[in-house]
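The sequence shown begins at 3 in my numbering and counts up one residue at a time.
Note that CB positions come from ideal geometry on N, CA and C, so glycine has one too.
Notes for the one structure printed next.
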Amino acid sequence: MMKRVRFVPHLMIAVAMLLFLHVAHAATPGDWKIVYDKTGKTLHLTRPSGNVDLQLFASYKWNGQLITTKDYAGGTLAVKSVTDAFGKGKLLQVTYRDEKLPTLVQSFYQYPGKDYLLTDFTLTASSGSIASNYMAPVNIVDMTPALGKGDNRALFVPFDNDKWIRFQSHPLDFNTLTSYETTAVFDGSTRKGLVVGSVEHDFWKSAVIMNKADNGNGYALTCYGGAADSTTRDLLPHGAREGHLIKSPKVMLGVFSDWRTGMDAYGVANATIAPRRPWKKAKPMGWNSWGVLEFKINYEKALEVSDFFKENLQPAHFVNGDGELVIGLDSGWDKFTEEQLKEFVRHCKANGQMAGIYWTPFTDWGKHPDRTIKEAPDYKFKDVYLYANGQPQDLDGAYAIDPTHPAIEQRMQKVSALFHRCGFQYVKVDFMAHGAINADKWYNPQVKSGIAAYNYGMQLLDKYFGDMYINLSIAPIFPAQYAQSRRIACDAWNKIKDTEYTLNAVSYGWWITNIYQFNDADHVVLQKATEGENRARVTSAAITGLFITGDDFSKEGSEEGKAKAKQFLTNAEVNAAAMGRSYRPVEGTGEHSEDQFVLTDTHGNTYYAVFNYTENERSLPLNLERLGLDPARHYRVRDLWSHTDVDATQTISIPAKDVRFLQISSK
């Protein structure tokens, strides 16, 4: 027996209802359809635009067993309108019931003009409560039909930026691959791609796991909440969500003609749910003491650095749109007296600069459990550790601290009070992932997962430091709403390998610029490197977002570093191309990192940076079409470093360990 149901445009969906098979036909091209496959007991997602054809089901762990929607006899359907932060759309809910299982309600959210759906599900106990530490809204039987046959790739996205971890574009020849929070699976030639990822980060650490089919044909894909392994810095399993009703993470699932557009859309979707932390001033530019001085920083040197910028760089184009710089003290500032800190801030302000400082709120570097916490003298450090199997958790040489312990709020109160008394406006907070790891328990009994504890701690950070510019250093990518910027990778200094490492994260993580105001390329160091390496390192900062330098500009500092700063930090055309937005990769098929990046500004100018990470000169044609430009048009191409025009029809040569940075504009 067949029954036909027609729904309104933009949500054409059909589902099995007990013994009936309901089929919906799209009223307009581009509409999604979801049809229940009675044989495979999966939801069949199709969309004419993009030739989308995927089979999907949901799964969760309960009482030690993996349960899927296939284990239910059938489902019932409800469709209604929805209005939320994404706009007006349609919500379809499929309810699965079974006498022996929790009631499962899977929701699909669709909005006009979007190339993606959002989906999540809830579990409701028949009585009492339910607990699960694994909930997967998206299980795709085979993801490859969304791609076609070509240079198919899968993106690895790390959970955080610690330990010099790297993003990676993997050819689709692996047996299994886990990416954290999100992935893109795409054809490197056509750029068509499937983008999947969690857009909620209040309780779950999420991941996407891709497994090659047993028969060698195709790949299954699962996006789930409950990731916990060495890459998330965890020794313990993910905590369980508990209650009469519990909810999975909400996941975005989309198919895009250009996977880069899909990753940008993924970033925007996250920021729609948790908006970016606002910043009304121009992007920060300036200096951080860790680049070269490190623990050698002192009061006198800090003042001398401030003066060097005032006298040599600020008058020569190294300044942000507000005519201001940040001069930041990193680790080692605790040698200053409070009066010296105040005088440093006053000195910076007189020089047209904003003073910055540094802190690590979730770490104990001393690792002395019986030591009294200075800012919370009623407690010892052993009271605040995050324990795993009864032992303190050591990450990067520091013990991890429980963000929910009242001593941590007391520390934040005292430290923020000092920073405010001194007049600091910018704070770099570091080693944040320590506060996100799973533990035996947390001080606050309502907190049941590492990410929930991290959110608790970051809300405290917002409470006490919220009027300052907050720049995260070592930190998870998500949640992102607590800071204006985050360092896109780990430490980077002066050599071409540092440029390549930073640009690895820009290559496959440029989209993070949609969840923070700015991506931070880390401190740019110029001394003890070639001029080509200097150009490449400065360009890498310009195309990443935040532009922070790091040489020792004190009176005793390297004369080479000072001379190179005057040479390479004062190029007005290069500095103007640093617009605070990360450039995106031209391709996505690099063995380690991409070497070509592009951005088009609001005036229609296209900026194109092509790097040479090797020891030998290389050349390539200027492929206007691949840059999104019309090859039939005539353009003016200008080299921003040499201030000369380039013939767009000729091959571009890039010297060893160097860069070509071009502006392409209509004639």
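- Counting only runs of 3+ residues, the beta strand (DSSP E) found wholly inside the region 258-328 occupies 287-290, in chain order.
- Between the C-alpha atoms of Tyr456 and Leu237 there is a straight-line separation of about 16 Å.
- Approximately 4 Å separates the beta-carbon atoms of Ile142 and Leu223; this is inside 8 Å, confirming the contact.
- Straight-line measurement puts the Cα of Ala574 at about 19 Å from the Cα of Ser584.
- DSSP links Trp64 through a beta bridge to Gln67.
- Using a 10 angstroms sphere on the CB of Trp513, the tally of other CB atoms reaches 16 or more, which defines it as buried.
- Contact between Gly552 and Val527 holds: their C-beta atoms lie close to 5 Å from each other, under 8 Å.
- Taking a cut-off of 8 Å on C-beta distances, the region 326-340 touches the region 285-305, as three or more cross pairs fall below it.
- Within its own chain, the residues whose Cβ lies closer than 6 Å to the Cβ of Glu617, once the five positions on either side in sequence are excluded, are Ala658, listed in chain order.
- Minimum Cα-Cα distance from Arg635 among the listed residues Asn391, Ser667, Lys165 corresponds to Ser667.
- DSSP, read as helix, strand or coil, puts Gly76 in coil.
- Proximity to His370 across Thr339, Phe346, Ala402 peaks at Ala402, based on C-alpha coordinates.
- Val527 is bridged by DSSP to nothing; it lacks a bridge partner.
- Residue environment analysis places Asn353 among the buried positions, since at least 16 neighbouring C-beta atoms fall within 10 angstroms of its C-beta.
- Take Lys568, set aside five residues on each side of it, and the residues of its chain with a beta-carbon closer than 8 Å to its own are Asn314, Leu315, Ala318, in chain order.
- Put simply, the backbone Cα of Phe467 is about 24 Å away from that of Ser308.
- In terms of CA proximity to Gln355, Pro286 leads the group Asp398, Pro286, Tyr387.
- In this structure the region 499-510 lies against the region 168-188, because at least three pairs of beta carbons, one per stretch, are closer than 8 Å.
- Nearest C-alpha to Arg279 among Thr515, Phe59, Lys194: Thr515.
- Runs of the beta strand (DSSP E) lying entirely within the region 107-160 and spanning at least 3 residues, in chain order: 118-126, 132-134, 137-142, 154-158.
- As DSSP reads the structure, Pro478 sits in a beta bridge with Asp162.
- Cβ contact annotation for Val270 (same chain, cutoff 8 Å, sequence separation greater than five): Asn516, in chain order.
- The beta-carbon separation of Lys92 and Ser83, rounded to 6 Å, stays under the 8 Å limit for a contact.
- In this structure Leu255 does not touch Leu106 by the C-beta definition: roughly 18 Å separates them, more than the 8 Å allowed.
- DSSP, reduced to helix, strand and coil, places Thr515 within a helical segment of the structure shown.
- When only Cα atoms are considered, Ser128 and Trp64 end up about 14 Å apart.
- Thr121 is not a Cβ neighbour of Tyr221, given a cutoff of 8 Å.
- Taking a cut-off of 8 Å for Cβ pairs, the region 477-494 and the region 129-140 do not touch, as fewer than three such pairs fall below it.
- For the pair Phe176 and Lys214, the Cα-to-Cα distance works out to about 7 Å.
- Looking at the backbone, the Cα of Gly77 and that of Lys35 are separated by about 17 Å.
- Within the model, the alpha-carbon separation for Gly437 versus Lys450 is close to 13 Å.
- By the criterion of a C-beta distance shorter than 6 Å, Asp404 is surrounded in its chain by Val386, Leu388, Trp444, Tyr445, once the five residues flanking it on both sides are discounted.
- With contacts defined as CB atoms closer than 8 Å, Lys430 and Asn473 qualify as a contacting pair.
- Within the model, the alpha-carbon separation for Glu202 versus Ser655 is close to 44 Å.
- The beta strand (DSSP E) runs lying completely inside the region 200-248 and spanning 3 residues or more are 208-214, 221-227, 243-245, given in chain order.
- Listed as beta-bridge partners of Ile666 by DSSP are Thr608, Val639.
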